[in-house]
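Trainee: Structure provided below as structure tokens; questions to follow.
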Amino acid sequence: MVGRADHFVQLINTYCLNVETILSKLESYIDLPNVDFSNLAALATEIEERSSCIGAEHVRLTCLDLMRACDQMQKQNFCQALSWTKNEFAHTRNKLQVLVQWLLNLSALAASNADGAEDYEARSKTAKIECYQVVFLNVQ
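Counting from 1, position 20 in the sequence shown corresponds to residue 20 in the UniProt record's numbering; the numbering is continuous, with no gaps.
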């Protein structure tokens, strides 16, 4: 369990860092005097692919508007789509951070399972419910 949790935590952290970097590039490139829409489209495609791999469907869908704005060479539409993408990514990142915390807590529970299987199962079930409520039901 601990090894798999560490792997998922690493995947989530890498995804978030990569998308943050790409969003920053998109923001700086759109402000250049001569906008290279093909470069912007390639970066939007990269976010779309990374989001698809991790299951960040809302972020992936916003990338379609980014790519459409690039195809139309519409700077204003691109800026609107970029704002939407950043907003969806922020929501997704917050949910993923909750998941990371849950995975780390669950790993710690598994590693310190000195209380016996019943106590571990009860704490694990409670942790899963709390994670589900925050990630999927937006309960804080």
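Cβ coordinates follow ideal geometry from the N, Cα and C atoms, glycine included. Small disclaimer: the values here were computed from a predicted structure and weren't measured.
Measure the alpha-carbon distance for Ala69 versus Val59 and round it to whole angstroms.
Mentor: Cα to Cα, Ala69 sits roughly 16 Å from Val59.
Trainee: Check whether the Cβ atoms of Ala41 and Thr62 sit closer than 8 Å, and answer yes or no.
Mentor: No, they are not a contact pair.
Trainee: Which runs of the alpha helix (DSSP H) fall wholly inside the segment 23-56 and span at least 4 residues, in chain order?
Mentor: Correct list: 37-54.
Trainee: Quick check: the Cα distance between Cys53 and Ser83, rounded to an integer number of angstroms?
Mentor: The straight-line gap from Cα to Cα measures roughly 22 Å.
Trainee: For Val9, collect the residues of the same chain with a Cβ closer than 7 Å to its Cβ; drop the 5 residues on either side in sequence, then sort them by chain order.
Mentor: Val100, Leu103 and Leu104.
Trainee: Should Ser51 be labelled buried (16 or more other beta-carbon atoms within 10 Å of its own) or exposed?
Mentor: By the 10 Å Cβ count, Ser51 comes out buried.
Trainee: Between the alpha carbons of Asp36 and Gln72, how many angstroms are there, rounded?
Mentor: When rounded, the distance between both Cα atoms is 12 Å.
Trainee: Assign Glu49 to one of two classes, buried (16 or more other C-beta atoms within 10 Å of its C-beta) or exposed (fewer than that).
Mentor: Per the 10 Å Cβ criterion, exposed.
Trainee: How many angstroms separate the CA atom of Glu57 from the CA atom of Ala90?
Mentor: C-alpha separation (whole angstroms): 13 Å.
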